[in-house]
Ligand code: PEP
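Numbering (this note's numbering), first residue to last: 11 to 283.
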């Protein structure tokens, strides 16, 4: 079997920060501070900032992602944004973020429909999964079982062939670590990444192409330049989904610089002497 050659990815989730007046400048700064060979960079600004960020990053090899997508293609859904609306604005989309699940009551079924709509419209999903603190406190196996169910539910309605070519990325984001300053350990994140890959294989069955071994798994949850090393030290972890620190150029520069070392070690970029 050919060993997996997964990309190294750092994605920034700007959440409900920046305006169309200042997002382009921040995107240009981020791009200039994170030019590191072999690292796939993605910025996910608010919907209203997608066009200025896309234009600011034109020709710069940084992906632009939306932070959400509706699970229907169109209709009477005031204030929502569908996958076809995003086609010329973004190439990536975050799906199932815990803040969407919590504040907008998104269920696993809705998340699954969102993954499907994204893929049908050529958007590369970053599927977010993760457990609450009470679940983690019941033990790693309980957390891994819950997250595995989230993964299998999310992939269920999408056909195997479409999944295999979708470029799907899965972000393990323990809910208790998001925006709290408290992060999972690298070892726990790596164990969860293995559980996620087993769930991808289980969802795929025998007949279709998406393999867990080929699926990039990111860690997200209070990632900073100071704690990123322990995640990239784990072979199972392929990158980071960064929230608060993604608005800070010094932090993103440090995170992407560390990602570059992993990219070089994996043969995705020339090693530095
Ligand atoms: C996120 O928004 O996906 C996230 C991980 O946030 P933070 O890095 O701020 O915890």
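Just so it is clear, CB atoms sit at the ideal spot from N, CA and C, and this is done for glycine as well.
Give the straight-line distance between the Cα atoms of residue 283 and residue 192, rounded to the nearest whole angstrom. To locate residue 283, count along the chain shown from 1; it is residue 273. To locate residue 192, count along the chain shown from 1; it is residue 182. Low confidence applies to residue 283: its pLDDT is 46, below 50, so where it sits in the model is not reliable enough to give any reading.
What is the rounded straight-line gap between the Cα of residue 23 and the Cα of residue 142? As a first step, residue 23 is located in the chain shown; it is residue number 13 there, counting from the start. As a first step, residue 142 is located in the chain shown; it is residue number 132 there, counting from the start. Answer to the nearest angstrom: the Cα atoms are 20 Å apart.
Buried or exposed, going by whether 16 or more other CB atoms sit within 10 Å of the CB of residue 51? Along the chain shown, read from residue 1 onward, the residue named residue 51 stands at position 41. That one is buried.
Skipping 5 residues on each side, what residues in its chain have a beta carbon closer than 7 Å to that of residue 280? Taking the chain shown and counting its residues from 1, the one referred to as residue 280 is at position 270. The residues are 47 and 274.
Can you tell which of 247, 66, 109 and 236 has the C-alpha that lies nearest to the C-alpha of residue 229? The residue labelled residue 229 in the question sits at position 219 within the chain shown. Among 247, 66, 109 and 236, the Cα nearest to that of residue 229 is on 247.
Consider the C-beta atom of residue 59 and the heavy atoms of ligand 1; say whether any pair is separated by less than 8 Å. Indexing the chain shown from 1 puts residue 59 at position 49. No, Cβ of residue 59 sits at least 8 Å from all heavy atoms of ligand 1.
Using only the heavy atoms of ligand 3, determine whether one of them is closer than 8 Å to the beta carbon of residue 25. As far as ligands go, the structure on display features ligand 1 and does not contain ligand 3.
Cut-off 6 Å between Cβ atoms - residues of its own chain near residue 66, not counting five sequence neighbours on either side: By 1-based counting over the chain shown, the position of residue 66 is 56. The beta carbon of residue 66 sits closer than 6 Å to the beta carbons of 34, 37 and 38 from its chain, once the five residues preceding and following it are set aside; these are given in chain order.
Assuming residue 105 and residue 134 form a contact by the criterion Cβ under 8 Å, report the distance between their Cβ atoms to the nearest whole angstrom. Sequence index remark: in the chain shown, residue 105 carries index 95 (1-based). Sequence index remark: in the chain shown, residue 134 carries index 124 (1-based). Not a contact, Cβ separation roughly 10 Å.
Run through the DSSP bridge pairs and tell me what residue 53 is partnered with. One-based indexing of the chain shown puts residue 53 at position 43. According to DSSP, residue 53 bridges with 22 and 74.
Stretch-stretch touch, CB-based, cutoff 8 Å, three pairs: the region 113-131 with the region 257-273: In short, these stretches do not touch, since the Cβ pair count stays below three.
Quick check: is any heavy atom of ligand 1 less than 8 Å from the C-beta of residue 141? Residue 141 sits at position 131 when you count from the first residue of the chain shown. Because no heavy atom of ligand 1 lies under 8 Å away, the Cβ of residue 141 does not count as near it: no.
Comparing alpha-carbon positions, which option in 63, 42 and 268 lies nearest residue 29? Along the chain shown, one-based indexing puts residue 29 at 19. Per the Cα distances, 63.
So what does DSSP say about residue 129, is it helix, strand or coil? Here residue 129 refers to the residue found at position 119 when the chain shown is read from its first residue. Note: residue 129 maps to helix in three-state DSSP.
Of the residues 225, 205, 244 and 129, which one's Cα is nearest the Cα of residue 83? Along the chain shown, read from residue 1 onward, the residue named residue 83 stands at position 73. Its Cα nearest to that of residue 83, the residue 129 stands out among 225, 205, 244 and 129.
What does a CB cutoff of less than 7 Å around residue 254 pick up in its chain, not counting 5 residues either side in sequence? For the purposes of this step, residue 254 is taken as the residue at position 244 of the chain shown. Counting only residues of its own chain and dropping the five nearest sequence neighbours on each side, residue 254 has a CB closer than 7 Å to the CB of 189.
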